[in-house]
């Protein structure tokens, strides 16, 4: 195995970011399950709008948590293989922020045009998975 320069060496940072994102995902999921519906019901929203917003929240939380785990895995693979995974980890973290963030914002009453931005986050999440695959693939001889 070739020595890795300090600039490109793997870091524990992705695992720490994943831990923070996982913590936030659980908290946001709990808020969605135990507080959000009551908040919406006390507003002037009709039942269909409440259901739609709760569905956005559940989707955001699901993808948030799944990709926090993927980010932790990318960090662990990076450390195990002594291979930098900067692009993978940034792609996953940015994907969570954009995909889940726009859905959280819309659920809380943000503008619906944010829905047009959500797929950008989805593409970043997909690129993160491709990057994780490439990171863990053996190099050709």
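Numbering (my numbering), first residue to last: 203 to 343. Think of the CB as a built atom: it goes at the ideal place given N, C-alpha and C, for glycine as much as any other residue.
- Assignment of residue 321 by DSSP, reduced to helix, strand and coil, places it in the helix class.
- Less than 9 Å divides the Cβ of residue 276 from the Cβ of residue 330.
- Here residue 246 is exposed. Its C-beta has fewer than 16 other C-beta atoms within 10 Å.
- Its chain contains 212 as the residues whose beta carbon lies nearer than 6 Å to that of residue 281, once the 5 sequence neighbours on both sides are disregarded; these appear in chain order.
- Of the candidates 251, 224, 260, 215, the residue whose Cα lies closest to the Cα of residue 234 is 260.
- Of all alpha-carbon atoms in 301, 239, 334, 272, the one lying nearest the alpha-carbon of residue 218 is that of 272.
- In the DSSP annotation of this structure, residue 285 is not part of any alpha helix (DSSP H), being labelled neither H nor E.
- Across the set 248, 258, 269, the C-alpha of 269 shows the shortest separation from the C-alpha of residue 226.
- Taking the CA atoms as reference points, residue 248 sits about 10 Å from residue 254.
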